[in-house]
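Residue numbers (the working numbering), protein chains in the order written: chain A, 1 to 895; chain B, 1001 to 1112.
Shown next as structure tokens:
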């Protein structure tokens, strides 16, 4: 029997239970025999001696059992200690190995850290975007939003109809669009993202107050309700320092004094994904928004319904009932808008919806992409580990010759990889933190984002990914170790060997990397082109250089002459700022509140179906040059037009002109906005078409017509100051803000923004795609280049002898170069071919995410193919140079 | 002559360690050695010795190895590990201090 130390060293079979029992019995038998011998020597009879020996040993059965138990306990404990020792030894060996080849350790850790970090970042983003339900809503899986499919929102009458008629299959809550309201006065004022809700809102969502109470039916009782407000938890912390005496306090909200009755639970943002700060009874909607007295009319479409499907009722049943109710309610309207009759019902849990937000769709794709990156990273790490295992072949063979079991060696290799990947996991935490900041900036602007991006869930993910990556990375080399080491052969030969098998394995890994990185690069280019395309869509104005100053004065009465003076004064001040080339007062500009009106051309009733409704802007002289819209025919407004008593005139877009006057003679004709009783407006100019979105998903854009500011229907539109500012805009915007604050105290707080900022969200998915694919793609490219390099370098080492002989036989440098370079090129060609084929096959998946770009774009494929080939060949240059320097003599001698 | 005293629980281990300082021994030899040293003053149950040995083994204070005795029998020999020697030193010191203290107290003159 081998001593345990030897046994432990070689991991020979652990003692099994029967073996242990046998040993105990042997030991007892030996003991009794010795005792009997001793007693007999002292003159005892054999019989008496046997009895005495047994007596002294103790009760035979119980003692034997007790000893068995003790022996088994001992074995378990020793086994555990041996395992701990083994791990400790493995770790020590691993650390020693890393010390000996720090570049190997660094390379592997870096590759894995980037791969795992990228995945962790995407995991945390997907987790937020898709997996988590909105916070603090009880049983969120039963809650849906109901909105019209195309029109913006619903009127009060429609949502009330829903609320009154959907029971008992569902309970209904009402929420408005989000608007920015100023809370507080003077320097303490803060902008709060506010919504108007009905009394059943919090009850339906099942939210509990963090403090005070939530809004009740009384607060929102029609027609007047109460001046009450619930503030968001975050807002309470930021703005009131978490002071509990805020309950019952009166605060200024825009033009009203409102009593704070409660604080919403932490993280609660209603059914949406964007943060909210303030909940007000919807009865205040008229006083606090531009809607004014029209808030309760059917013209004011500012609400949507949140329904909770009752237990036992199905989603489909509720959807069909809701559809009927909305259709009935909408068809009662005078100018019934058929578009508003069709509703859609969406779960508030993002991943349950087929129609994900563009951000979520792109993020899902990026999630898959980041898995690819992890695969590349793993295969790269595996490559390094494998190559090193090959280099350590002699050492391994010696250990095997000494009797170290293969499983022990595999454990050693796996320990090394897992240690590497745990180090990588720690580094990945840093990568994920950085990546999280990037994602927040690029993708998640405006999304709810409480707490750190790298939270416990993400850390758990990283740990799991790291262990998994370590095991995968170590497994390939470990298995190849099991199969291939031929002790006698390896020890017999003095030189390094690897054999064709390992060469193939390495090549396969590298081809995989090439394929994956080529795929990512194709994706990158497709997204970059999409981004260029969407930026290139002509909008008919210049969003980047148009700044908008909207005052909190939507609440200022339009009839108030002081408001007119205020705006005129503001425009004049802004116009004087350095860099600002013009500033004008306007009503209903793109991306802001606008008025819609039916368009009627006298005697052309049959044409009205083609363009039935237009957006109306109130404009003044210089409006068009300020916003950057060209007048293609006729003239723009003059100061003379801008009088309530002047002739009623209008500027129409090209689309309207062409539709009704295809001959190009629109100028001088007249048309009406609204009923036949309205005055006919003479067309004085034709402007280029404008659009507020580059995306046509919802049909062609609604044309925008322009009337002189003072002739507009000011009661329902939103007045702003437009300014043409130089790019980059940040400093000018800041200056404009200062100017407003410096003006007299009556001036309410202003919001200053560029139109580009409103375009950014729709460009964001592509920007995100281009950025992240770019990051992942370049990462993958570097990894693949490293991979090609290591394979070619390895192969050069393997073929040193062959190369030496060739050189001895007179091979020229260029022969050696082509010998080595060909290998890299072959890897590249194989990888690129597979990648292009794969991209073509995967194209239907990516196509919906692209903008005006084919997922099978030949130029893109060609560019990536050439680029990858170049990289593959370039990566072979280093090893080729080394091959050229092979000394034939030393190669021969080493034999 | 007094009746033999039972060995207090935990004291047997340190005695076994002491026994092994003279070299590897099998279980019976340890018993025999202890009995001779105790001169009949200690009552030793043989199975308890093996319990103690297994406990020591589990703590890696002793190491077993099967060997052949003079009488050509297969026996499990135990030898002291380095950890076992250290343990013996520590335990012996502790015992001496304890015994000295108790002895001193018991020998102290009675005071009011």
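For each residue, glycine too, the CB sits at the ideal point set by N, CA and C.
- As the crow flies, the alpha-carbon of residue 847 of chain A is around 45 Å from that of residue 797 of chain A.
- In its chain, beyond the 5 residues on either side, no residue has a beta carbon closer than 6 Å to the beta carbon of residue 70 of chain A.
- If you draw a straight line from the Cα of residue 427 of chain A to the Cα of residue 117 of chain A, it comes to about 8 Å.
- Segment contact: the region 569-587 of chain A against the region 717-727 of chain A, three or more CB-CB distances shorter than 8 Å; contact assigned.
- Closest in C-alpha terms to residue 136 of chain A, from the list A:209, A:68, A:72, comes A:209.
- Residue 410 of chain A and residue 785 of chain A have their alpha carbons spaced roughly 29 Å apart.
- Scanning chain A for C-beta atoms nearer than 9 Å to the C-beta of residue 1075 of chain B yields 26, 27, 30, 31, 34, reported in chain order.
- Selection A:652, A:719, A:731 evaluated against residue 704 of chain A yields A:652 as nearest (Cα-Cα).
- Put simply, the CB of residue 39 of chain A is far from chain B, with every gap to its CB atoms at 9 Å or more.
- Scanning A:32, A:429, A:471, A:434 for the CA closest to the CA of residue 460 of chain A turns up A:429.
- Residue 847 of chain A sits in a helix when the DSSP states are folded into three classes.
- For the C-beta of residue 1046 of chain B, the chain A residues within less than 8 Å are, from N- to C-terminus, 31, 35, 56, 57, 58.
- Residue 65 of chain A and residue 1005 of chain B have their C-alpha atoms roughly 26 Å apart.
- With fewer than 16 other Cβ atoms from the protein chains shown falling within 10 Å of its own Cβ, residue 331 of chain A counts as exposed.
- Secondary structure note for residue 1050 of chain B: its alpha helix (DSSP H) is the uninterrupted segment 1046-1058.
- As the crow flies, the alpha-carbon of residue 77 of chain A is around 6 Å from that of residue 1058 of chain B.
- With its beta carbon at least 9 Å from every one in chain B, residue 424 of chain A lies outside the interface.
- Shortest Cα-Cα distance from residue 865 of chain A to any of A:306, A:522, A:664, A:161 involves A:522.
- Annotated three-state conformation of residue 678 of chain A is coil, per DSSP.
- Note that the C-beta distance between residue 1063 of chain B and residue 1078 of chain B is below 9 Å.
- The criterion of a C-beta distance shorter than 9 Å is not satisfied by residue 421 of chain A and residue 114 of chain A.
- Taking the Cα positions, residue 389 of chain A is about 20 Å away from residue 512 of chain A.
- In the displayed model, residue 54 of chain A falls within a helix according to three-state DSSP.
- At a Cβ-Cβ threshold of 9 Å, residue 130 of chain A and residue 364 of chain A count as neighbours.
- Within the DSSP secondary-structure output, residue 346 of chain A pairs in a beta bridge with A:145.
- For the pair residue 721 of chain A and residue 570 of chain A, the CB atoms are nearer than the 9 Å cut-off.
- At the C-beta level, residue 194 of chain A and residue 171 of chain A stay beyond 9 Å of one another.
- Neighbours of residue 63 of chain A in chain B, taken as residues at a C-beta separation under 7 Å, are given in chain order as 1047.
- Around residue 74 of chain A, the beta-carbon contacts reaching into chain B at under 8 Å are 1054, 1055, 1057, 1058.
- Under DSSP, residue 619 of chain A shares a beta bridge with A:708.
- In the structure shown, the three-state DSSP call for residue 262 of chain A is strand.
- Judged by DSSP secondary structure, residue 281 of chain A falls within the beta strand (DSSP E) whose first and last residues are 278-281.
- For residue 740 of chain A, the secondary structure class from DSSP, reduced to helix, strand or coil, is helix.
- Residue range 303-309 is occupied by the beta strand (DSSP E) that includes residue 306 of chain A.
- If you draw a straight line from the Cα of residue 547 of chain A to the Cα of residue 274 of chain A, it is about 24 Å long.
- Here residue 350 of chain A is buried. Its C-beta has 16 or more other C-beta atoms within 10 Å.
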